[in-house]
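Participant: Below you'll find the structure I mean.
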Amino acid sequence: KFPSGATLTFGEGEDANLCIACHQGRESTVSVNTAIKGIGDDELRLREDGQTSVLSFRNIHYFAAGATLFGDAAKGAYEYDRQTYLGQFQHQDPAGGLQGPTQCVECHNVHTLEVKVDLCLNCHKTVKTVEDLKDVRGPSSDKDYDGDGNVEEGLYGELDTFREKLYAAIQAHARDQVEFGIVYDPAAYPYFFLDADGDGQPDKNDQGASIGYNKWTPRLLKAAYNYQYSQKDPGAFAHNGKYVIQFLYDSLKDVGGDVKGMTRP
-7 KFPSGATLTF GEGEDANLCI ACHQGRESTV SVNTAIKGIG DDELRLREDG
43 QTSVLSFRNI HYFAAGATLF GDAAKGAYEY DRQTYLGQFQ HQDPAGGLQG
93 PTQCVECHNV HTLEVKVDLC LNCHKTVKTV EDLKDVRGPS SDKDYDGDGN
143 VEEGLYGELD TFREKLYAAI QAHARDQVEF GIVYDPAAYP YFFLDADGDG
193 QPDKNDQGAS IGYNKWTPRL LKAAYNYQYS QKDPGAFAHN GKYVIQFLYD
243 SLKDVGGDVK GMTRP
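Numbering-wise (the working numbering), the sequence shown opens with residue -7 and increments by one.
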(Lines of atoms letter the chains of each structure in order from A and count residues from 1; the text may use other names and numbers.)
(Lines give C-alpha, C1' and ligand atoms only; values in the text may rest on other atoms or scores of the structure.)
Protein backbone atom coordinates (compact mmCIF):
# COMPACT_ATOMS: atom_id res chain seq x y z
CA LYS A 1 0.00 0.00 0.00
CA PHE A 2 1.31 3.44 -0.98
CA PRO A 3 1.28 6.46 1.38
CA SER A 4 -1.80 7.77 -0.47
CA GLY A 5 -3.68 4.64 0.57
CA ALA A 6 -3.66 3.14 -2.93
CA THR A 7 -2.79 -0.53 -3.27
CA LEU A 8 -0.78 -0.98 -6.46
CA THR A 9 1.29 -3.82 -7.90
CA PHE A 10 2.90 -4.90 -11.16
CA GLY A 11 0.80 -8.05 -11.04
CA GLU A 12 0.62 -11.06 -8.78
CA GLY A 13 3.96 -12.72 -8.17
CA GLU A 14 6.05 -10.15 -10.06
CA ASP A 15 9.53 -9.58 -8.60
CA ALA A 16 9.26 -5.82 -9.11
CA ASN A 17 6.64 -5.69 -6.34
CA LEU A 18 9.51 -6.13 -3.89
CA CYS A 19 11.10 -2.93 -5.19
CA ILE A 20 8.09 -0.71 -4.60
CA ALA A 21 7.81 -1.80 -0.97
CA CYS A 22 10.66 0.64 -0.31
CA HIS A 23 10.68 2.87 -3.39
CA GLN A 24 7.24 4.39 -2.88
CA GLY A 25 8.09 7.47 -0.82
CA ARG A 26 6.69 8.44 2.57
CA GLU A 27 4.28 11.22 1.66
CA SER A 28 1.59 11.90 -0.94
CA THR A 29 -1.08 14.32 -2.08
CA VAL A 30 -3.22 12.89 0.72
CA SER A 31 -0.73 13.52 3.52
CA VAL A 32 0.06 17.03 2.31
CA ASN A 33 -3.64 17.86 2.13
CA THR A 34 -4.10 16.49 5.65
CA ALA A 35 -1.27 18.71 6.93
CA ILE A 36 -2.63 21.93 5.36
CA LYS A 37 -6.32 21.28 6.03
CA GLY A 38 -8.11 24.33 7.39
CA ILE A 39 -5.30 26.77 6.57
CA GLY A 40 -5.70 29.30 3.76
CA ASP A 41 -3.35 28.92 0.80
CA ASP A 42 -1.42 32.08 1.68
CA GLU A 43 -1.94 32.03 5.44
CA LEU A 44 1.21 32.02 7.56
CA ARG A 45 -0.22 30.45 10.70
CA LEU A 46 2.25 30.62 13.57
CA ARG A 47 2.75 28.55 16.69
CA GLU A 48 2.37 30.03 20.16
CA ASP A 49 5.97 31.25 20.01
CA GLY A 50 4.89 33.69 17.29
CA GLN A 51 8.00 32.81 15.28
CA THR A 52 7.56 29.45 13.55
CA SER A 53 4.77 28.22 11.32
CA VAL A 54 2.47 25.41 12.42
CA LEU A 55 3.34 23.75 9.12
CA SER A 56 6.64 22.00 8.58
CA PHE A 57 8.22 20.63 5.44
CA ARG A 58 6.90 17.30 4.17
CA ASN A 59 9.65 15.18 2.63
CA ILE A 60 8.82 12.54 0.01
CA HIS A 61 12.05 10.66 0.94
CA TYR A 62 14.62 9.63 -1.62
CA PHE A 63 14.24 7.37 -4.67
CA ALA A 64 10.42 7.22 -4.77
CA ALA A 65 10.67 5.70 -8.24
CA GLY A 66 7.70 3.39 -7.68
CA ALA A 67 5.42 6.33 -6.97
CA THR A 68 6.72 8.08 -10.08
CA LEU A 69 6.11 5.03 -12.27
CA PHE A 70 2.49 4.74 -11.14
CA GLY A 71 1.83 8.46 -11.50
CA ASP A 72 -1.69 9.57 -10.65
CA ALA A 73 -2.60 6.13 -9.32
CA ALA A 74 -0.06 6.52 -6.49
CA LYS A 75 -0.36 10.29 -6.04
CA GLY A 76 3.17 10.47 -4.66
CA ALA A 77 3.63 14.00 -5.93
CA TYR A 78 1.33 16.81 -4.84
CA GLU A 79 -1.51 16.91 -7.37
CA TYR A 80 -3.43 20.17 -7.59
CA ASP A 81 -7.22 20.36 -7.53
CA ARG A 82 -9.02 20.52 -10.87
CA GLN A 83 -6.03 19.15 -12.78
CA THR A 84 -5.67 15.78 -14.46
CA TYR A 85 -2.49 13.74 -14.27
CA LEU A 86 -0.96 10.86 -16.17
CA GLY A 87 -1.14 7.40 -14.66
CA GLN A 88 1.25 4.47 -14.84
CA PHE A 89 4.04 4.90 -17.39
CA GLN A 90 3.46 2.46 -20.24
CA HIS A 91 6.75 2.94 -22.14
CA GLN A 92 5.17 2.27 -25.49
CA ASP A 93 5.21 3.75 -28.97
CA PRO A 94 1.81 5.52 -29.20
CA ALA A 95 1.50 4.33 -32.80
CA GLY A 96 1.23 0.79 -31.47
CA GLY A 97 4.79 -0.21 -32.26
CA LEU A 98 7.56 -1.28 -29.93
CA GLN A 99 6.90 -1.91 -26.25
CA GLY A 100 9.62 -0.96 -23.79
CA PRO A 101 10.18 -2.43 -20.33
CA THR A 102 7.70 -1.29 -17.67
CA GLN A 103 8.99 -2.89 -14.47
CA CYS A 104 11.94 -2.07 -12.24
CA VAL A 105 13.73 -5.40 -12.71
CA GLU A 106 13.47 -5.18 -16.49
CA CYS A 107 15.52 -1.97 -16.55
CA HIS A 108 17.75 -2.38 -13.49
CA ASN A 109 20.13 -5.07 -12.33
CA VAL A 110 18.45 -6.45 -9.22
CA HIS A 111 21.70 -6.48 -7.23
CA THR A 112 23.59 -3.37 -8.33
CA LEU A 113 20.58 -1.33 -9.60
CA GLU A 114 22.70 -0.52 -12.66
CA VAL A 115 20.60 0.33 -15.72
CA LYS A 116 20.64 -2.34 -18.45
CA VAL A 117 21.65 0.08 -21.18
CA ASP A 118 21.93 -2.68 -23.79
CA LEU A 119 18.15 -3.13 -23.67
CA CYS A 120 17.60 0.54 -24.49
CA LEU A 121 19.42 0.06 -27.80
CA ASN A 122 16.50 -1.95 -29.14
CA CYS A 123 14.61 1.31 -29.61
CA HIS A 124 17.02 4.14 -28.79
CA LYS A 125 19.89 3.57 -31.20
CA THR A 126 22.12 6.39 -29.93
CA VAL A 127 22.24 5.17 -26.32
CA LYS A 128 25.60 3.70 -25.34
CA THR A 129 25.91 4.84 -21.71
CA VAL A 130 23.61 5.70 -18.82
CA GLU A 131 24.40 9.37 -19.40
CA ASP A 132 23.08 9.04 -22.97
CA LEU A 133 19.63 8.27 -21.58
CA LYS A 134 19.27 11.94 -20.69
CA ASP A 135 19.16 12.70 -24.42
CA VAL A 136 16.24 10.37 -25.11
CA ARG A 137 12.74 11.59 -25.83
CA GLY A 138 10.13 9.09 -26.96
CA PRO A 139 7.91 9.55 -30.02
CA SER A 140 5.02 10.74 -27.84
CA SER A 141 7.13 13.57 -26.38
CA ASP A 142 6.76 15.81 -29.40
CA LYS A 143 6.24 19.19 -27.71
CA ASP A 144 8.65 21.87 -26.55
CA TYR A 145 7.38 21.55 -22.99
CA ASP A 146 9.80 24.00 -21.38
CA GLY A 147 9.42 26.62 -24.13
CA ASP A 148 13.14 27.04 -24.80
CA GLY A 149 12.78 26.38 -28.53
CA ASN A 150 14.65 23.06 -28.40
CA VAL A 151 12.57 20.06 -29.42
CA GLU A 152 15.63 17.83 -29.90
CA GLU A 153 16.83 17.73 -26.29
CA GLY A 154 15.98 14.72 -24.17
CA LEU A 155 13.10 14.71 -21.73
CA TYR A 156 15.68 15.20 -18.96
CA GLY A 157 16.50 18.63 -20.40
CA GLU A 158 12.83 19.59 -20.57
CA LEU A 159 12.30 18.53 -16.97
CA ASP A 160 15.46 20.23 -15.75
CA THR A 161 14.30 23.61 -17.08
CA PHE A 162 11.08 23.25 -15.10
CA ARG A 163 13.09 22.47 -11.95
CA GLU A 164 15.28 25.51 -12.46
CA LYS A 165 12.34 27.84 -13.04
CA LEU A 166 10.32 26.39 -10.17
CA TYR A 167 13.15 26.93 -7.68
CA ALA A 168 13.50 30.55 -8.80
CA ALA A 169 9.73 31.02 -8.46
CA ILE A 170 9.71 29.44 -5.00
CA GLN A 171 12.44 31.83 -3.88
CA ALA A 172 10.64 34.84 -5.36
CA HIS A 173 7.34 33.82 -3.77
CA ALA A 174 8.93 33.28 -0.36
CA ARG A 175 10.71 36.63 -0.54
CA ASP A 176 7.90 38.76 -1.98
CA GLN A 177 4.72 37.12 -0.67
CA VAL A 178 5.66 35.28 2.53
CA GLU A 179 8.36 37.90 3.19
CA PHE A 180 10.91 35.40 4.46
CA GLY A 181 13.58 34.19 2.04
CA ILE A 182 14.28 30.52 1.38
CA VAL A 183 17.22 28.48 0.08
CA TYR A 184 17.53 24.80 -0.80
CA ASP A 185 20.31 22.31 -0.13
CA PRO A 186 19.69 18.81 -1.57
CA ALA A 187 22.35 17.28 0.69
CA ALA A 188 21.33 18.71 4.08
CA TYR A 189 18.21 17.95 6.10
CA PRO A 190 15.60 19.53 6.23
CA TYR A 191 16.59 20.69 2.70
CA PHE A 192 14.88 24.09 2.81
CA PHE A 193 16.44 26.78 5.00
CA LEU A 194 15.61 30.27 6.17
CA ASP A 195 17.33 33.10 4.31
CA ALA A 196 15.74 36.13 5.96
CA ASP A 197 18.65 38.42 5.07
CA GLY A 198 18.52 37.44 1.40
CA ASP A 199 22.22 36.67 1.01
CA GLY A 200 21.55 33.33 -0.67
CA GLN A 201 22.90 31.35 2.30
CA PRO A 202 21.05 29.67 5.18
CA ASP A 203 20.67 31.84 8.27
CA LYS A 204 22.45 30.51 11.36
CA ASN A 205 21.27 30.13 14.95
CA ASP A 206 23.36 31.00 18.01
CA GLN A 207 25.13 27.66 17.79
CA GLY A 208 26.10 28.23 14.16
CA ALA A 209 23.70 25.67 12.72
CA SER A 210 21.58 26.40 9.66
CA ILE A 211 17.97 27.27 10.47
CA GLY A 212 15.40 25.10 8.75
CA TYR A 213 12.72 27.06 6.92
CA ASN A 214 9.93 27.78 9.39
CA LYS A 215 7.57 30.18 7.61
CA TRP A 216 5.48 27.77 5.56
CA THR A 217 2.20 28.65 3.93
CA PRO A 218 0.23 25.89 2.20
CA ARG A 219 0.97 27.33 -1.24
CA LEU A 220 4.71 27.47 -0.61
CA LEU A 221 4.75 24.03 1.01
CA LYS A 222 3.05 22.34 -1.95
CA ALA A 223 5.48 23.80 -4.47
CA ALA A 224 8.53 23.00 -2.32
CA TYR A 225 7.29 19.44 -1.81
CA ASN A 226 7.05 18.89 -5.56
CA TYR A 227 10.43 20.48 -6.17
CA GLN A 228 12.01 18.13 -3.65
CA TYR A 229 10.17 15.19 -5.20
CA SER A 230 11.69 15.94 -8.59
CA GLN A 231 15.16 16.19 -7.06
CA LYS A 232 15.01 12.97 -5.07
CA ASP A 233 14.07 10.68 -7.96
CA PRO A 234 17.08 11.18 -10.26
CA GLY A 235 15.54 8.83 -12.82
CA ALA A 236 12.20 10.64 -12.87
CA PHE A 237 12.68 11.67 -16.50
CA ALA A 238 12.72 7.98 -17.48
CA HIS A 239 10.28 6.65 -14.88
CA ASN A 240 7.40 8.93 -15.90
CA GLY A 241 8.84 12.18 -17.20
CA LYS A 242 5.68 13.81 -18.49
CA TYR A 243 3.88 13.16 -15.19
CA VAL A 244 6.72 14.98 -13.43
CA ILE A 245 6.52 17.88 -15.88
CA GLN A 246 2.78 18.12 -15.18
CA PHE A 247 3.18 18.65 -11.45
CA LEU A 248 6.19 20.93 -11.86
CA TYR A 249 4.23 23.07 -14.32
CA ASP A 250 1.29 23.27 -11.92
CA SER A 251 3.57 24.15 -9.00
CA LEU A 252 5.32 26.84 -11.04
CA LYS A 253 2.03 28.40 -12.05
CA ASP A 254 0.59 28.24 -8.52
CA VAL A 255 3.45 30.23 -6.96
CA GLY A 256 3.24 32.89 -9.66
CA GLY A 257 5.99 31.70 -11.96
CA ASP A 258 5.90 32.55 -15.65
CA VAL A 259 4.65 29.62 -17.74
CA LYS A 260 4.35 31.61 -20.97
CA GLY A 261 5.56 29.53 -23.90
CA MET A 262 5.53 26.32 -21.86
CA THR A 263 3.29 23.35 -22.65
CA ARG A 264 1.73 21.10 -20.04
CA PRO A 265 1.68 17.48 -21.27
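Where a beta carbon is used, it is the ideal one built from N, C-alpha and C, also for glycine.
Assuming Val122 and Val107 make a contact with CB atoms under 8 angstroms, what is their CB distance in whole Å?
Facilitator: 5 angstroms
Participant: With a Cβ-Cβ cutoff of 9 angstroms, do Asn218 and Leu186 count as a contact?
Facilitator: Leu186 sits away from Asn218, with the two beta carbons spaced by 9 angstroms or more.
Participant: Would you mind listing the alpha helix (DSSP H) stretches within the segment 32 to 120 that are 4+ residues and don't spill past its ends, in chain order?
Facilitator: 57 to 62, 96 to 99 and 109 to 112
Participant: Give the secondary structure of Leu0 by DSSP, where H, G and I count as helix, E and B as strand, and everything else as coil.
Facilitator: coil
Participant: What beta strand (DSSP E) runs, 3 residues minimum, are completely inside the segment 163 to 232?
Facilitator: 174 to 176 and 184 to 186
Participant: To which residues of the same chain is Leu147 closer than 6 angstroms at the C-beta, ignoring the five residues directly before and after it?
Facilitator: Arg129, Ser133, Phe229 and Gly233
Participant: For the segment 134 to 143 against the segment 169 to 178, do three or more pairs of beta-carbon atoms, one drawn from each stretch, fall closer than 8 angstroms, so that the two count as touching?
Facilitator: no
Participant: For Ala180, count the other beta carbons within 10 Å of its own beta carbon; 16 or more makes it buried, fewer makes it exposed. Which is it?
Facilitator: Around the beta carbon of Ala180, a 10 Å sphere encloses fewer than 16 other beta carbons of the protein chains shown; the residue is thus reported as exposed.
Participant: How long is the line joining the alpha carbons of Asn9 and Asp34, rounded to whole angstroms?
Facilitator: 39 angstroms
Participant: Quick one, which of Gln80, Val143 and Cys14 has its alpha-carbon nearest Phe2's?
Facilitator: Gln80
Participant: Less than 9 angstroms between the beta carbons of Asn51 and Tyr183, yes or no?
Facilitator: Yes, they are a contact pair.
Participant: By the 10 Å Cβ neighbour count, where 16 or more other Cβ atoms means buried, how is Glu156 classified, buried or exposed?
Facilitator: exposed
Participant: Only counting runs of 3 or more residues, tell me where the beta strand (DSSP E) segments fall wholly within the segment 135 to 166, in order along the chain.
Facilitator: none
Participant: For the putative contact between Lys245 and Val236, defined by C-beta atoms under 8 angstroms, what is the C-beta separation to the nearest angstrom?
Facilitator: Going by Cβ atoms, the distance from Lys245 to Val236 rounds to 15 angstroms, so no, they are not a contact pair.
Participant: Write down the C-beta distance between Val22 and Lys(-7) rounded to the nearest angstrom, noting that I regard them as a contact closer than 8 angstroms.
Facilitator: Going by Cβ atoms, the distance from Val22 to Lys(-7) rounds to 12 angstroms, so no, they are not a contact pair.
Participant: To the nearest angstrom, report how far apart Gln43 and Gly253 are at their CA atoms.
Facilitator: 39 angstroms
Participant: For the alpha helix (DSSP H) that contains Leu10, what are its first and last residues?
Facilitator: Ala8 to Ile12 is the extent of the alpha helix (DSSP H) around Leu10.
Participant: Thinking C-alpha only, which one of Gly(-3), Ala166 and Thr255 is nearest Ala65?
Facilitator: Gly(-3)
Participant: Under three-state DSSP, which class holds Lys29?
Facilitator: coil
Participant: State the DSSP-derived secondary structure class of Asp242, mapped to helix, strand or coil.
Facilitator: Asp242: helix per DSSP, three-state reduction.
Participant: Would Lys204 and Arg167 qualify as a contact pair, given that the criterion is a beta-carbon distance under 9 angstroms?
Facilitator: Looking at the sequence itself, residue 204 is Gly, so the reference to Lys does not match. No. Outside cutoff.
Participant: Classify Val122 as helix, strand or coil using the three-state DSSP reduction.
Facilitator: coil
Participant: Who are the Cβ neighbours of Phe154 in its own chain at under 7 angstroms, not counting the five residues just before and after it?
Facilitator: Closer than 7 angstroms at Cβ, skipping near neighbours: Asp138, Ile237, Leu240, Tyr241 and Leu244.
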